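The numbering of the sequence shown is the working numbering, which starts it at 33 and goes up by one.
In what follows, a structure is listed as structure tokens, so that the remarks can point back to it.
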Amino acid sequence: MTRTVKDIPPFPDYIDGQGDHDFMQAAWRQGPLARDKFGIVSGFSMAQMEAFNDDRWTRQVELEAMWAAGVTSGPMFDFVRDMVLFANGQTHRNRRGPLVRTFAHKVIAELRPGIAERAERMIAPLRGTGAVDFVAEIAGPMPARVIAAIIGAPEKDTDLFARHVYSAIRGLSICSEEIRAESDADMAALYRYVAGLIADRRAAPQEDFLTAYLDRVAGGPLDENEVRAQMVGLVVAGSDTTRGALTATVSQLLLHPDQWAMLVSDPDRWAPAAVSEGLRFDPVIGSLARISTEPREVEGYLLPKGTFVAASMLTALRDPAIYADPNRFDITRSDHPRLHPVFGGGPHRCLGEALARIELEEALKALARLAPDLSLDGPPVRLRGYGAVRTLGPMQVRI
Ligand code: HEM
């Protein structure tokens with residue numbers, strides 16, 4: 033007899049003080065799938081993650097998460113309605129095509145020297161200044177400033193821009209009324225800002241990313257709200273992900289002084305490997321959610337059409353079928369899949385991977401060169417949560 037969703041074991045009780053990885057591993061030990069109190073079915077292995085990303089039987093969540101949070105209008109609602117990540121089928125292809133083409137690998141690779149210089153400019157003045165708030169001073173500003181510059185914001189505006197971004201992002205998760213109102217106000221400010229940049233470029237085209245993007249979408253199927261949403265979307269998708277990844281990677285390197293020493297001894301050689309391992313070991317994305325579009329048997333359970341499924345990154349990236357000794361942080365490992373799974377798979381695979389890697393690598397190289405004695409000044413960072421972009425705690429360092 034085929035078992036149904038009701039037969040899938042519920043998640044185990046959370047034990048106070050238990051880390052997210054331990055909790056998800058405990059759920060995985062019960063069986064290949066677990067069900068939460070909302071009926072969302074989580075899968076744990078890499079194979080499940082690949083299966084859930086297969087758009088022949090699942091689709092991306094669109095506005096369902098907003099509705100579930102009781103949000104039915106406002107700037108964040110409009111953003112989710114119009115952005116590439118939350119769309120399916122032809123609408124998704126219409127939004128993604130011009131972005132991917134403008135974000136071509138060559139264009140992004142050319143940004144490396146500028147990003148390296150930006151990283152050094154940020155880190156050099158912090159040397160010898162005592163305890164430094166790593167998230168506020170380095171990991172946060174770096175990606176927000178890089179993307180602000182890519183879409184053409186003048187340098188003087190980039191910090192204001194960064195503040196709007198990090199405040200607005202809070203509204204993508206379930207949050208209080210107060211945070212929702214602040215997030216909406218910041219999202220509206222980002223839209224106004226982007227609308228201004230777009231108007232400037234249309235009036236006076238330049239040799240830049242935004243002008244190239246506007247040329248590509250001109251006369252196409254996207255309406256003006258969608259055009260703006262894709263630019264805001266790049267900023268939103270690329271900021272807190274990269275901020276968390278940089279903080280988590282540096283945290284792990286400092287907890288493993290032998291591996292930090294390897295990076296310091298040869299930053300060009302070890303930075304890319306440290307980035308891949310940092311992204312795997314404590315991933316900034318907790319899980320990828322989808323909705324099934326047809327009934328499907330998974331691991332002996334029949335999931336009806338319309339089932340919410342979530343592939344856990346925390347467990348898939350420590351799947352022993354893929355990674356040797358998966359709970360060990362090891363920048364020398366050679367078993368990363370060719371396409372790093374932290375950037376997703378299928379039609380929504382991250383289109384900012386090349387940029388994120390450049391930012392992370394150049395930040396690590398600059399730290400290794402300018403601050404070889406870098407140390408934690410307090411506890412390592414803690415990323416929290418199992419879903420979407422995980423919440424980032426504080427981290428103090430001495431540079
Ligand atoms: C360490 C940094 C990053 C990580 C871990 C990451 C991860 C991801 C993942 C997992 C997805 C797919 C989500 C899903 O399938 O539901 C995604 C999509 C996306 N990412 Fe990233 N990302 C990062 C940085 C960036 C950057 C720097 C940008 C751009 C500036 C960016 C832009 C996007 C966009 C636009 C999408 C939507 C693609 C689509 O729906 O077709 N990301 N990212």
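A virtual CB, placed ideally from N, CA and C, is assigned to each residue, including glycine.
The model shown is predicted, which means the values in this text are computed figures rather than measured ones.
Inter-residue Cα distance where the pair is residue i and residue j
i              : j                 : result
proline 315    : alanine 213       : 29 Å
tryptophan 292 : glutamate 391     : 18 Å
aspartate 362  : alanine 83        : 27 Å
alanine 59     : histidine 368     : 24 Å
aspartate 405  : aspartate 191     : 28 Å
alanine 101    : glutamate 94      : 13 Å
glycine 160    : alanine 398       : 15 Å
proline 237    : valine 112        : 28 Å
methionine 78  : arginine 350      : 9 Å
glutamate 326  : alanine 342       : 16 Å
glutamate 152  : proline 412       : 23 Å
isoleucine 201 : alanine 386       : 22 Å
arginine 35    : glutamine 262     : 42 Å
aspartate 48   : serine 105        : 37 Å
glutamate 239  : alanine 231       : 15 Å
isoleucine 140 : histidine 288     : 31 Å
glycine 51     : glycine 228       : 44 Å
methionine 108 : phenylalanine 340 : 22 Å
leucine 242    : isoleucine 183    : 5 Å
methionine 98  : methionine 294    : 45 Å
proline 186    : proline 426       : 29 Å
arginine 430   : proline 64        : 43 Å
aspartate 255  : arginine 91       : 23 Å
alanine 250    : serine 208        : 39 Å
arginine 150   : threonine 364     : 28 Å
glycine 332    : isoleucine 323    : 18 Å
alanine 348    : arginine 144      : 30 Å
glutamate 329  : glutamine 122     : 27 Å
lysine 188     : aspartate 272     : 21 Å
aspartate 37   : glutamate 96      : This sequence places valine at residue 37; aspartate is not what is there. About 20 Å.
asparagine 359 : histidine 53      : 9 Å
aspartate 39   : tyrosine 418      : 22 Å
glycine 377    : aspartate 114     : 21 Å
leucine 278    : serine 319        : 19 Å
lysine 138     : glycine 146       : 14 Å
serine 205     : isoleucine 211    : 10 Å
leucine 396    : glycine 252       : 40 Å
leucine 383    : glycine 270       : 10 Å
arginine 260   : phenylalanine 118 : 15 Å
aspartate 357  : asparagine 257    : 47 Å
arginine 224   : leucine 246       : 17 Å
proline 41     : alanine 321       : 19 Å
arginine 414   : arginine 234      : 44 Å
Identity of the residues DSSP links to residue i by a beta bridge
i                 : result
threonine 423     : Arg416
arginine 328      : Leu335
aspartate 165     : Gln428
threonine 90      : Ser324
phenylalanine 241 : DSSP output for phenylalanine 241 lists no bridge partner at all.
glycine 75        : Leu65 and Ala343
threonine 36      : Leu334
serine 407        : Arg430
proline 42        : Arg67
isoleucine 317    : Val421
Per-residue burial, residue i [other beta carbons within 10 Å of its own, 16 or more giving buried]
i                 : result
tryptophan 302    : buried
histidine 124     : buried
arginine 61       : exposed
asparagine 85     : buried
threonine 134     : buried
alanine 353       : exposed
glycine 172       : buried
alanine 371       : Contrary to the premise, residue 371 reads as leucine rather than alanine in this sequence. It is exposed - the Cβ of leucine 371 has fewer than 16 other Cβ atoms within 10 Å.
arginine 88       : exposed
arginine 74       : This sequence places serine at residue 74; arginine is not what is there. Label assigned to serine 74: buried.
tyrosine 46       : exposed
serine 297        : exposed
serine 215        : buried
phenylalanine 313 : buried
alanine 168       : exposed
alanine 305       : buried
alanine 400       : buried
valine 226        : buried
8 Å Cβ cutoff, residue i in contact with chain B
i          : result
valine 112 : Checking the listed chains, one finds no chain B in this structure; it contains a single protein chain.
Inter-residue CB distance, residue i and residue j (contact presumed, cutoff 8 Å)
i                 : j             : result
phenylalanine 166 : alanine 180   : That belief does not hold up - the Cβ atoms of phenylalanine 166 and alanine 180 are roughly 20 Å apart, past 8 Å.
leucine 373       : threonine 274 : One detail in the question is off: residue 373 reads as proline in this sequence, not leucine. Proline 373 to threonine 274, Cβ: 17 Å. No contact.
arginine 248      : proline 157   : Not quite, the Cβ-Cβ distance comes to about 39 Å (not below 8 Å), so this is no contact.
arginine 268      : valine 197    : The residue you asked about is not arginine; residue 268 is valine in the sequence shown. With 8 Å as the limit, valine 268 and valine 197 qualify as a contact, their Cβ atoms being about 7 Å apart.
arginine 389      : valine 282    : At roughly 15 Å, the Cβ-Cβ gap does not stay under 8 Å, so arginine 389 and valine 282 are not in contact.
Proximity test, residue i beta-carbon vs the ligand COA heavy atom, cut-off 7 Å
i           : result
alanine 388 : With respect to the ligand COA, the structure offers nothing, as its ligand set consists of the ligand HEM.
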